[in-house]
Amino acid sequence: MTKSVVIIGATSSLARSLAHQLAQRGTNLYLAARDEVELDRIAQDLKIRYHVSVGWSRFEALEFESHREICDRILAAANPLEGVILCMGELGNQPTAQTDINHALAIIQSNYTGAVSILTPLANALEQQGSGWIVGIGSVAGDRGRQSNYVYGSAKGALTLFLQGLRSRLSKVGVHVMTVKPGFMDTKMTFGLPGLFLVAQPDDVARDILKAVQKRKNTVYLPWFWWGIMTIIRAIPEPIFKKMKL
Amino acid sequence: MSNTVQQTLTGWGRYPVVKSTVQRPENLSTLSHSLSSSASQLARGLGRSYGDAPLNHSGQTVLMERLNRMVAFDAETGRLRCEAGVPLHEILAVFVPRGWFLSVTPGTKFVTVGGAIAFDVHGKNHHCAGSFARHVECFELLIASGEILTCSRTENADLFWATVGGMGLTGIILEAEFKLKKIASAYIKSFNIKAKNLDEAIALFAQYEPLYPYSVAWIDCLATGRSLGRSILMFGDTASLSDLSPQQQVNPLPIHEQSKLSIPLDAPSVLLNRYTMGSFNQLYYHRQMQKEQRAIAHYDPFFYPLDFVNDWNRLYGKRGFVQYQCVLPMATSHDGLTEILQRSSQKGWASFLAVLKRMGNQEAELLSFPMPGYTLALDIPIKPGLWAFLEELDQVVIRCGGRLYLAKDARVSPASFRAMYPQYEDWLAIKRQVDPDNHFRSTLSERLEIQP
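So the sequence lines, in the order shown, correspond to chains B and W.
If you're matching positions, the first sequence starts at -11 in my numbering and goes up one per residue.
If you're matching positions, the second sequence starts at 267 in my numbering and goes up one per residue.
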């Protein structure tokens, strides 16, 4: 029986690339995201191109009460479940978040608390099943708090710790949890932003993610050289770092 | 509205080079809300138009590449509905294995559906299948007011015909529905025949064209005297299963492979002169030894011979090149082509790739290029003196009652353009209705002084 993969935050360009590559190898999909019109179009596209079955549900990270029901719907449709990919998150606007606390909280919820809320029941289902994998998309921004995006960075950093704990817990039952830390990607988040370098294509990052999860990697930086860049950034002593403009 | 960024852009001919503010909507709803209130706008697909048609130096360029969802397919009728940014190569990759092919395809598969409609592209089967628009049922058009209109032959028909071949100047095509055609295999049964001069080429087109849905000729535009217009005519038809070798029959519907060949840098322009090109053409003509040659070819080399090198436009050097593509009516074709070929071979305005093709009846007429007659396309590297020479050719084309293909153009004058497109005023009247403030503009439309 064909297994299914669930993608939370399925309308981002990275999620679309992942969905295409999974569908191309015959995996059924279940998509969740905020924009229903877009979900339907993406699902149609995948069905037409790859002849796989694609279900979808509207999912809003900030509406916690709805998550249980969405999760039940996902588990009923995506059965048996091969894996879960968590692609949700908003970059938000750092200067706004510094004055508008609601904006800061929205960034944290869409990147972290919302993720915890939807991932917990899905992780428990995989634990019961005793197999499968979870891929969580964190960010290099979560490796060190920087003045230019620390609200977003703190939420991604928290997600990284959450995934780390979950990995340790689920490793006992054969469920693998992988954390992905992408660098700059050519998405709507980054299009037109100044000062970006080594911008990766979502298709390439998606291919590397699927390869890495097959090899059961724990944490991957993508593209790989971001591991080196972040090692250096993390190594800068705080007295110097705080004076930098990063 | 999505983020914008300043980018340097060119068309495929790499001339001219302009700076533009670029935005790239990720989906249809962002695009529908991306109309700018101040700057003019132009949608851009894969930028395969040669000259200044895919550029907008004074305003915004809207990149359509992420608008690439296929939203409906009817396996009974072959009708596909998809977003305008879907490239033709993806349609082939999805549908060839299921026995469907593009009803009309241009000479590269790296164009989008939106671009194919906006330039009403034609292919090797124009003489029997018409241009791309003939197979389009309808499309959704975002116009300057922010409204989205469904356009078809029965609904907003004027706007349908003004958008077909309208080069993006009526609005942004969001989504289109068009018909694919059934094929028995991904192979073409091809028949090549040499013509020793233009007279023979024209005679052979007339003789063989009724027998084959696909035809085109490579023409040696440097040959002179009695060899003027010598060519290799290539005809083809979709191969049936019984035409294939046992090996091909195992998988009769394979798709194209992705090309890995690229040109790493611009070729020095000294490499391109009448002698190198003359030798190339000499070799090309004599490569085929026999008068006639038959083969079974995959659709990829047959329809898209140049796609196998990714950036072949770099071969023309840093200064870029133009493609001079004209069409002449049947009655004046012979004399007009003779004059054009004589002038280019005399002056040595060389071209590796000159293509001759007979065109048939054409449905869309306002700004669409095709008309019944012969079309000739010459790729010419940009060098001093070229513009004056092409002006002379323009006059020949106008005298013959022909026109230039604006998708390839970068230099024709506003007056010549008006002489070549007698229905321009009719088109402009429709543009005036939907875009009175000239919101949708391009570097080409400004050069041609297109003003509602």
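Using N, Cα and C, we set each Cβ at its ideal position, and we do this for glycine too.
Three-state class that DSSP yields for P225 of chain B in the structure shown:
In the first sequence, residue 225 of chain B corresponds to position 237, counting from 1. Secondary structure of P225 of chain B (DSSP, three-state): coil.
Buried or exposed, going by whether 16 or more other CB atoms sit within 10 Å of the CB of T0 of chain B?
Working through the first sequence from its first residue, we reach residue 0 of chain B at position 12. With the sequence shown as reference, residue 0 of chain B is identified as Ser, and Thr is not the correct amino acid for it. By the 10 Å Cβ count, S0 of chain B comes out buried.
Contact set between the stretch 338 to 367 of chain W and chain B, restricted to residues whose Cβ is under 7 Å from the partner:
For the stretch 338 to 367 of chain W, the set of positions with a beta-carbon nearer than 7 Å to some beta-carbon of chain B reads A338, F339 and V360 in chain order.
Flag this pair as yes or no: are the beta carbons of G277 of chain W and S315 of chain W separated by less than 8 Å?
Reading the second sequence from its first residue, position 11 is the one you call residue 277 of chain W. Reading the second sequence from its first residue, position 49 is the one you call residue 315 of chain W. Judged by their CB atoms, G277 of chain W and S315 of chain W are nearer to each other than the 8 Å cut-off.
Residue environment, T378 of chain W, which counts as buried when at least 16 other CB atoms sit within 10 Å:
If you number the second sequence from 1, residue 378 of chain W lands on position 112. T378 of chain W should be labelled buried.
For H55 of chain B, count neighbouring C-beta atoms within 10 Å of its own C-beta (all shown protein chains included) and say buried if the count is 16 or more, exposed if not.
Taking the first residue of the first sequence as 1, we reach residue 55 of chain B at position 67. Here H55 of chain B is buried. Its C-beta has 16 or more other C-beta atoms within 10 Å.
State the start and end residues of the unbroken beta strand (DSSP E) segment that holds E403 of chain W.
Mapped onto the second sequence, residue 403 of chain W falls at position 137. Under the DSSP assignment, E403 of chain W falls in the beta strand (DSSP E) whose first and last residues are V402 to L408.
What are the partner residues of D503 of chain W, as DSSP defines its beta bridges?
Taking the first residue of the second sequence as position 1, residue 503 of chain W is located at position 237. Answer by DSSP bridge pairing, in chain order: W:K455.
Are the C-beta of S300 of chain W and some C-beta of chain B separated by less than 8 Å?
If you number the second sequence from 1, residue 300 of chain W lands on position 34. Chain B contact via Cβ: absent.
According to the Cβ coordinates, are G(-3) of chain B and C75 of chain B closer than 8 Å?
Counting from one through the first sequence, the residue named residue -3 of chain B turns up at place 9. Counting from one through the first sequence, the residue named residue 75 of chain B turns up at place 87. Yes.
Residues of chain B with a CB under 8 Å from the CB of M336 of chain W: which are they?
Sequence index remark: in the second sequence, residue 336 of chain W carries index 70 (1-based). Those are Q32, D33, I36 and R37, listed as they occur along chain B.
For P530 of chain W, count the other beta carbons within 10 Å of its own beta carbon; 16 or more makes it buried, fewer makes it exposed. Which is it?
For the purposes of this step, residue 530 of chain W is identified with residue 264 of the second sequence, where counting begins at 1. Classification for P530 of chain W: exposed.
Find out if the Cβ-Cβ distance for the pair H522 of chain W, L358 of chain W is shorter than 8 Å.
Residue 522 of chain W sits at position 256 when you count from the first residue of the second sequence. Residue 358 of chain W sits at position 92 when you count from the first residue of the second sequence. Between H522 of chain W and L358 of chain W, the gap from beta carbon to beta carbon is short of 8 Å.
Interface flag, S25 of chain B vs chain W, CB-CB below 8 Å:
Here the question's residue 25 of chain B lines up with position 37 in the first sequence. The displayed chain sequence assigns Val, not Ser, to residue 25 of chain B. With 8 Å as the cut-off, V25 of chain B counts as an interface residue toward chain W.
For V379 of chain W, would you say it is in contact with chain B, using Cβ-to-Cβ distances shorter than 8 Å as the test?
Here the question's residue 379 of chain W lines up with position 113 in the second sequence. Not a single CB atom of chain B sits nearer than 8 Å to the CB of V379 of chain W.
For the alpha helix (DSSP H) holding W653 of chain W, just list the boundary residues, first then last.
Counted from its first residue, the second sequence places residue 653 of chain W at position 387. Start and end: L652 to R665.
If you follow the beta strand (DSSP E) that M177 of chain B is part of, which residue opens it and which one closes it?
The residue you call residue 177 of chain B lines up with position 189 of the first sequence. Annotation for M177 of chain B: no beta strand (DSSP E) segment contains it, and DSSP assigns it neither H nor E.
In terms of residue numbering, what span does the alpha helix (DSSP H) encompassing T604 of chain W cover?
Start at 1 with the first residue of the second sequence, and residue 604 of chain W comes out as number 338. Note, T604 of chain W: alpha helix (DSSP H), M596 to K613.
What residues of chain W sit near G180 of chain B, judged by a beta carbon separation below 7 Å?
Counted from its first residue, the first sequence places residue 180 of chain B at position 192. Within 7 Å Cβ-Cβ: N269, T270 and V271.
Cα-Cα separation, H600 of chain W to K649 of chain W
For the purposes of this step, residue 600 of chain W is taken as residue 334 along the second sequence, with counting starting at 1. For the purposes of this step, residue 649 of chain W is taken as residue 383 along the second sequence, with counting starting at 1. The alpha-carbon atoms of H600 of chain W and K649 of chain W are separated by roughly 28 Å.
Report the CB separation of P518 of chain W from A452 of chain W in whole angstroms; it is logged as a contact under 8 Å.
By one-based count along the second sequence, residue 518 of chain W stands at place 252. By one-based count along the second sequence, residue 452 of chain W stands at place 186. About 7 Å separates the two Cβ atoms, so the contact holds.
Element boundaries [alpha helix (DSSP H), containing K(-9) of chain B]:
As a position in the first sequence, residue -9 of chain B is number 3, starting the count at 1. Taken as a continuous stretch (DSSP letters only), K(-9) of chain B belongs to no alpha helix (DSSP H), as it is neither H nor E.
Distance check for L114 of chain B and I383 of chain W, CA to CA, integer angstroms please.
For this step, residue 383 of chain W is matched to residue 117 along the second sequence. For this step, residue 114 of chain B is matched to residue 126 along the first sequence. Counting only the Cα atoms, L114 of chain B lies some 48 Å from I383 of chain W.
Just to check my reading of the structure: T641 of chain W and K623 of chain W have Cβ atoms closer than 8 Å, yes? What is that Cβ distance to the nearest angstrom?
Start at 1 with the first residue of the second sequence, and residue 641 of chain W comes out as number 375. Start at 1 with the first residue of the second sequence, and residue 623 of chain W comes out as number 357. At roughly 5 Å, the Cβ-Cβ gap stays under 8 Å, so T641 of chain W and K623 of chain W are in contact.
Indicate whether S300 of chain W and Q289 of chain W have their beta-carbon atoms separated by less than 8 Å.
Stepping through the second sequence from its first residue, residue 300 of chain W is reached at position 34. Stepping through the second sequence from its first residue, residue 289 of chain W is reached at position 23. Yes, the pair counts as a contact, with Cβ atoms nearer than the cut-off.
Whether L499 of chain W touches A461 of chain W by CB criterion (8 Å)
The count along the second sequence starts at 1 and reaches residue 499 of chain W at position 233. The count along the second sequence starts at 1 and reaches residue 461 of chain W at position 195. Against a cut-off of 8 Å, the Cβ pair of A461 of chain W and L499 of chain W comes out as a contact.
Give the range of the beta strand (DSSP E) segment to which N99 of chain B is assigned.
Here residue 99 of chain B corresponds to residue number 111 of the first sequence, with the count starting at 1. In this chain, N99 of chain B is not harboured by any beta strand (DSSP E), its DSSP state being neither H nor E.
Three or more beta-carbon pairs under 8 Å between the stretch 684 to 692 of chain W and the stretch 651 to 669 of chain W, yes or no?
Touching, yes.
So what does L446 of chain W bridge to, in DSSP terms?
The sequence position of residue 446 of chain W within the second sequence is 180, counting from 1. When DSSP reads this structure, L446 of chain W sits in a beta bridge with W:L368.
Entirely within the stretch 109 to 138 of chain B and at least 3 residues each: give me those beta strand (DSSP E) ranges in chain order.
Segments of the beta strand (DSSP E) lying fully in the stretch 109 to 138 of chain B: 121 to 125.
May I ask which residues mark the beginning and end of the alpha helix (DSSP H) holding K697 of chain W?
Position 431 of the second sequence, counted from the start, is the residue given in the question as residue 697 of chain W. Counting along the chain, the alpha helix (DSSP H) containing K697 of chain W begins and ends at Y690 to V700.
In this structure, does DSSP put W278 of chain W in helix, strand or coil?
Here residue 278 of chain W corresponds to residue number 12 of the second sequence, with the count starting at 1. In the three-state reduction of the DSSP assignment, W278 of chain W falls in the coil class, being assigned neither a helical nor a strand state.
Determine contact between the stretch 74 to 93 of chain B and the stretch 38 to 45 of chain B, defined as no fewer than three beta-carbon pairs at a distance below 8 Å.
Between the stretch 74 to 93 of chain B and the stretch 38 to 45 of chain B there are fewer than three C-beta pairs closer than 8 Å, too few to call the two in contact.
Counting along the chain, where does the beta strand (DSSP E) carrying G283 of chain B start and finish?
With chain B represented from -11 up to 234, any question about residue 283 of chain B goes unanswered, as that position is not in the structure.
Please classify P83 of chain B as buried or exposed, where buried requires at least 16 neighbouring CB atoms within 10 angstroms.
By 1-based counting over the first sequence, the position of residue 83 of chain B is 95. Exposed.
Cβ pair G434 of chain W, S708 of chain W closer than 8 Å:
The residue you call residue 434 of chain W lines up with position 168 of the second sequence. The residue you call residue 708 of chain W lines up with position 442 of the second sequence. Yes. Within cutoff.
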